[in-house]
Amino acid sequence: MKISYNFLKNWIGFKESPQAVADIINLHITEVEEVISSSQYEGVVVGEIKEINPHPNADKLQLAKVDVGHRPGEASGPEGDQILDIVCGASNIAVGQKVPVALEGCVLPNGLKIKSTVIRGQRSFGMLCSKAELNLEKRSGGFRPEGESAPEGIWILNNKLKIGTPLSEVIGEDSDTIFDLKVLSNRPDYLSYLSIAREVAAVLKKDFKPGISLDFKSKQGKFDRSVAVEVKDYKLCPRYMGRVIRNVTVKPSPEWMQRILLASGLRPINNIVDISNYVLLELGQPIHAFDLDKIKDNQIIVRQAKSGETIRGLDGCEHNLENSMLVIADSQKPLAVAGIVGGEESGVTEKTKDIFLEVANFDMVSIRQTSRKLGVHTDSSARFERGLSVLLPELAIRRAINLIQQESLNCEVSAVGIDAHQKLPDATTKIEVATDQINALAGITIPPNEMVDILTRLDMPTVLKNGRLVIQIPHYRQDMRGVADVTEEILKIYGIDKIPHTMPEVVLAPSKVKDLRLAVRRIKEILVRLGFIEIYLSPFDSGSPRAVRLEKPLVSHLTHLKSDLTSGITAAEFMEGNRPADRFKVFELNTAFVDVGEVLPDEFQQLVGRIKDEAAYRQIRGALDTLLAELGIVVEYREVKGLNGMRILADKKQIGEIVRVKDNDAYFSMKIDGLVSRLAGSKKFKPLPKFPPIKFDMAFVVPDRIRIGDILDTIATADILVSKVSLFDVHHLGDEGKNIAFHIEITSEVKTLTKEDRKRVEERIQNLLSERYNAKLRQS
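Following the UniProt record's numbering, the numbering of the sequence shown begins with 1 at its first residue and continues without gaps.
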């Protein structure tokens, strides 16, 4: 919805600047998507086409000579005017037309910079513009004079305009500014100047009296032209109003009305069509005028289309109609697609003398569906799709007749109008809301008297009774239903900028570390980081000690649930392409089942892993050191005779084991349930550091007997700046020991760290590891 700053200013009488008004609308009413000032059209002037010749090198191009008037500092023609050669591809231009010309050096609203360019061997000094190129294109279901091109071509201007007139003067006053507003689906009233002006006045606390005259004079006595109306389905058309007006004079509309239409993105056609579009903008109610002589048998039937019917619309397109589409028809054919687009044949032209003025209310769902099926979206359909008040047509038809009588002083309006409808709703409805509910929902305390004042200014008369607001909701505010809606309206005008900037107090309680799911997730993350690949093996086997037997196995040789996952990971063959893999690191974390002689088996989470690689046994030991250290679990390893491996003990209780199968093949097994009960206590949240950390890596060669967990602890406590340490590589060197590498991060809460800080920490870590573990720094 495009809104003119000047029109709002004249209606309300404020002194605020265009930017201040844009800020008010943006903060208190709805989003302003764009602010368009007249400066956007600087360098675009009215030109007259003097001559058109075929382009010598292109069949689809033409070479036009265009008079743009005398420009200071430019060479002029024999009559003091400047004639420009301009290459144009549009087919709707003709000699004598007035068109918008973008001169060399100007920048169009779409960002296109105009410069002298050679096009197929001919130099072009400027560009003839369409409305789309000027960001003024607005498809409309309105009318189009006979012989004028569709809006896709060059914009043909009023032939009375003076050559060289800046386009900014054509589309509105020099100082005008256009606000392009975003309108939500629940606020169809925002598609009218009236509602936007009312809310701007409410914010500025100005009395709003728009002075919209609804009075008109009708011809009394017998009227020799009348129209009979039949509505087939009142669900699709809840109300249909109409009036016959005779002896109208079709001519250009007054300049002030054309300026408002242009500023709002609509194209002036003639006074009758322009008045219907003006009322559409002013009140938000679509209106349509038919040439009375083109309504067969003076009969209007509001019905659904018949199979095979078509209509040529005012948009210049032929539309194939379906049975579900609502149309306005006479006794023979459709005259318009209801609420979307009028028919070209029954439209108002310069020859029209008598009109039938239609103002109706249509079902929003029907209009939306028809609009999508036809692929036609107009200003009328945009309003009907959002749902309009069934009482609005009465105001709109009175306003339109008032303006038509001002333009056609000798016209005659029938005394009896058509108003087909069923039961109409009340003009207002009453709701009651407690003020403490509003304040509780708003999160601030707004004085009750201010609530009353705001709502009353929004055309919702309100009184305060015993701490409750009794509100009269007008018919066009169908979105106002309860306390949330009332609170929103009050807050918008009161100003969300007045709400204190206080952060909500929320107690952030971390999840319990003892939660099994969290522990499982953490274990998997660490193992994957250490280079392991997670696998999922079949949970079934042929029967092992204490295994749970299946009553109905899927296959004959898989009759039991596994009681120990190690049987699967040690027996599995891992492939690399089409051959067995020589090296791999895998793990599985899943459920094992043990038959304990009761109704239900014992279930537990088991972690098993296997490495097939050089020094596999030592790699598993290093990986488990890192895993358990990061989990905060202190363990010891104890060699066991006959096991060819070692047991893993925590608090002198076995939680797992490492087994060497071959020199290059080893596996481990642990019960996760036993790990969870020993996980470190809950971690505390701390704020993110204010200063950036420094990250670096260090690698050491240490004897095999040194535990990685001890080295991790030493690095972590080497200096107060050390915030994170993690192991990322272990490589066994045989008799020389093992190479271990760490990611280290240092952070300060009081300053930005420097290279000197990093060097000091590195030296501190190196010295400590050398003294305690005979570690040697490995140089890169």
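Ideal Cβ positions, reconstructed from N, Cα and C, are used throughout, including at glycine.
Have a look at the DSSP bridge pairing and note the partners of VAL99.
When beta bridges are read from the DSSP output, VAL99 appears opposite GLY47.
Proximity of VAL348 and ILE245 at Cβ, strictly below 8 Å
no
May I ask you to list the residues that DSSP assigns as paired with PRO166?
VAL45
Am I right that GLN304 and ASN323 are in contact with their C-beta atoms under 8 Å? What's the rounded C-beta distance?
6 Å
Please report the straight-line C-alpha distance between SER538 and GLU736, rounded to a whole angstrom.
41 Å
So the candidates are VAL44, ASP564, PHE290, LEU554; which of them puts its Cα closest to the Cα of PRO545?
ASP564
Exposure of TRP256, with buried meaning 16 or more beta-carbon neighbours within 10 Å
exposed
Look at the alpha carbon of ARG517 and the alpha carbon of PHE604, and state the distance between them as a whole number of angstroms.
13 Å
Judging by CA-CA distance, which residue of GLU771, ALA650, ARG521 is the nearest neighbour of ILE715?
GLU771
Quick check on DSSP: helix, strand or coil for ARG398?
ARG398: helix per DSSP, three-state reduction.
If we count the other Cβ atoms within 10 Å of its Cβ and call it buried at 16 or more, is LYS653 buried or exposed?
The residue in question, LYS653, is exposed, as its Cβ has fewer than 16 Cβ neighbours within 10 Å.
Boundaries (first-last residue) of the beta strand (DSSP E) holding PHE290
288-291
Could you pull the start and end residues of the alpha helix (DSSP H) that GLN19 belongs to?
Residues 18-28.
Pick out the complete alpha helix (DSSP H) segments inside the stretch 329-390, 4 residues or longer, and give them in chain order.
364-374, 379-384
With DSSP collapsed to three states, give me the class of VAL599.
Looking at VAL599 - three-state DSSP - the assignment turns out to be coil, as it is neither helix nor strand.
Residues bridged to GLN654 (per DSSP):
LEU649
Please classify ALA360 as buried or exposed, where buried requires at least 16 other C-beta atoms within 10 Å of its C-beta.
buried
Which listed residue (VAL101, LEU753, ASN466, GLY121) has its alpha carbon closest to that of ILE114:
Comparing Cα-Cα distances from ILE114 to each of VAL101, LEU753, ASN466, GLY121, the minimum goes to VAL101.
For a test of the three-state rule: what should DSSP assign to GLN605, helix, strand or coil?
In this structure, DSSP gives GLN605 an extended state, which the three-state scheme calls strand.
Using three-state DSSP, classify PRO151 as helix, strand or coil.
With a pLDDT of 48 at PRO151, under the threshold of 50, the predicted position of this residue should be treated as unreliable, and no value is reported.
Less than 6 Å between C-beta atoms, sequence neighbours within five positions excluded: which residues of the same chain meet that for ARG457?
ALA202
Give a yes or no on whether 8 Å exceeds the smallest Cβ distance from LYS353 to chain C.
In the structure shown, chain C does not exist; there is a single protein chain.
Alpha carbon to alpha carbon, how far is GLY656 from ASP757?
Spanning the two alpha carbons is a distance of roughly 42 Å.
Please check the pair HIS288 and GLU358, which I expect to be a contact at CB under 8 Å, by giving their CB distance rounded to whole angstroms.
5 Å
The stretch 713-732 / the stretch 742-758 touching (three or more Cβ pairs under 8 Å):
Judged by Cβ distances under 8 Å, the stretch 713-732 makes contact with the stretch 742-758, as three or more pairs qualify.
Would you call the stretch 13-25 and the stretch 278-297 touching, i.e. three or more CB-CB distances under 8 Å?
no
Where SER4 and GLU450 are concerned, what is the direct C-alpha to C-alpha distance, given to the nearest angstrom?
30 Å
Considering just the uninterrupted stretch of the beta strand (DSSP E) at MET241, what are its terminal residues?
Per DSSP, the continuous beta strand (DSSP E) segment holding MET241 begins and ends at 239-246.
Report yes if the C-beta distance between ALA616 and ALA571 is below 8 Å; otherwise report no.
no
Local conformation of ARG583 per DSSP, three classes
coil
Need the endpoints of the alpha helix (DSSP H) that ASP710 sits in, please.
708-716
Between GLN766 and LEU727, what straight-line distance do the alpha-carbon atoms span, to the nearest angstrom?
16 Å
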